[in-house]
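Working notes for the structure below.
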Amino acid sequence: SAILAKAPRGARIAFVSGDFNVIHPGHQRILNFAATCGDFLVVGVNGDGLGNTMVPQELRREGVAALSVVDVAVCMSIPAQDFIAHLKPAVVVKGLEHRDRFNPEQEALDGYGGQLLFCSGQSTMSSLELLRRSNHSPLPAFEELRPELLKGRAEAVISCLPERVGAKLPDRKSTRLNS
Numbered sequence: 057s058a059i060l061a062k063a064p065r066g067a068r069i070a071f072v073s074g075d076f077n078v079i080h081p082g083h084q085r086i087l088n089f090a091a092t093c094g095d096f097l098v099v100g101v102n103g104d105g106l107g108n109t110m111v112p113q114e115l116r117r118e119g120v121a122a123l124s125v126v127d128v129a130v131c132m133s134i135p136a137q138d139f140i141a142h143l144k145p146a147v148v149v150k151g152l153e154h155r156d157r158f159n160p161e162q163e164a165l166d167g168y169g170g171q172l173l174f175c176s177g178q179s180t181m182s183s184l185e186l187l188r189r190s191n192h193s194p195l196p197a198f199e200e201l202r203p204e205l206l207k208g209r210a211e212a213v214i215s216c217l218p219e220r221v222g223a224k225l226p227d228r229k230s231t232r233l234n235s
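Residue numbers (our numbering): 57 to 235.
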């Protein structure tokens, strides 16, 4: 696969998946832990319509890809367990809140000898709940965030983003307004 072609030969691949509506400290801690469990970290971002997605998938993927510990971030159009069966990472990391639940990834991992690890983000956080609790504005309905329904607003948001992940941004000092 294209993902495996990006990994160094013989690299131990670690994998994390999720919605990543808003990247919060719990996500960062899990991703940092996952990066220490392997040589190459792949993050699967649930595609629009999978999981509890509120923000368009490409924007969520771009946010995850910008984190320095992430080697590759991809939008998944299939359930994580199916993606794992194809990728065959050495390690899959999930939040500690999943430890005592049914984990459909386990069957795929057992099929080739992969390992499922659980990591505490030190607190249980939910991107969706953070969005709902925002004091800045009420949470828009899901259909308001979907690009095809934004009626031109998505293009305005996307046009503000760097052309590619890793693009050099202007120096903060040179862009400050003189007061």
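Cβ atoms here follow ideal geometry from the backbone N, Cα and C, with glycine treated the same way.
Span separating the alpha-carbon of residue i from that of residue j
| i | j | result |
| --- | --- | --- |
| residue 227 | residue 123 | Low confidence applies here, because residue 227 scores a pLDDT of 39, under 50, leaving its location unreliable; read the following figure in that light. Using only the alpha carbons, I get a separation of about 19 Å. |
| residue 101 | residue 167 | 23 Å |
| residue 127 | residue 59 | 10 Å |
| residue 75 | residue 161 | 16 Å |
| residue 63 | residue 173 | 21 Å |
| residue 66 | residue 98 | 15 Å |
| residue 81 | residue 159 | 23 Å |
| residue 171 | residue 165 | 6 Å |
| residue 155 | residue 78 | 23 Å |
| residue 57 | residue 144 | 11 Å |
| residue 94 | residue 115 | 26 Å |
| residue 87 | residue 121 | 11 Å |
| residue 84 | residue 111 | 18 Å |
Among the options, nearest to residue i - alpha-carbon criterion
| i | options | result |
| --- | --- | --- |
| residue 149 | 127, 163, 133 and 176 | 176 |
| residue 92 | 169, 110 and 147 | 147 |
| residue 106 | 136, 84, 170 and 153 | 136 |
| residue 17 | 94, 139 and 115 | With the chain running from 57 to 235 in the structure shown, residue 17 is simply not present. |
| residue 132 | 125, 152, 153 and 109 | 109 |
Burial state of residue i, where buried means 16 or more other Cβ atoms lie within 10 Å
| i | result |
| --- | --- |
| residue 96 | buried |
| residue 71 | buried |
| residue 104 | buried |
| residue 68 | exposed |
| residue 142 | exposed |
| residue 157 | exposed |
| residue 113 | buried |
| residue 129 | buried |
| residue 119 | buried |
| residue 61 | exposed |
Continuous alpha helix (DSSP H) stretch holding residue i: start and end
| i | result |
| --- | --- |
| residue 88 | 81-92 |
| residue 164 | 161-168 |
| residue 139 | 136-143 |
Three-state class that DSSP yields for residue i in the structure shown
| i | result |
| --- | --- |
| residue 106 | coil |
| residue 120 | helix |
| residue 73 | strand |
N- and C-terminal bounds of the beta strand (DSSP E) containing residue i
| i | result |
| --- | --- |
| residue 59 | From DSSP, residue 59 is part of no beta strand (DSSP E) but of the alpha helix (DSSP H) over 58-62. |
| residue 129 | 128-132 |
| residue 148 | 147-151 |
| residue 158 | Unbroken run through residue 158: none, as it is neither H nor E. |
Residue-level contact to chain C via CB, residue i, 8 Å cutoff
| i | result |
| --- | --- |
| residue 82 | The structure shown contains no chain C, having only a single protein chain. |
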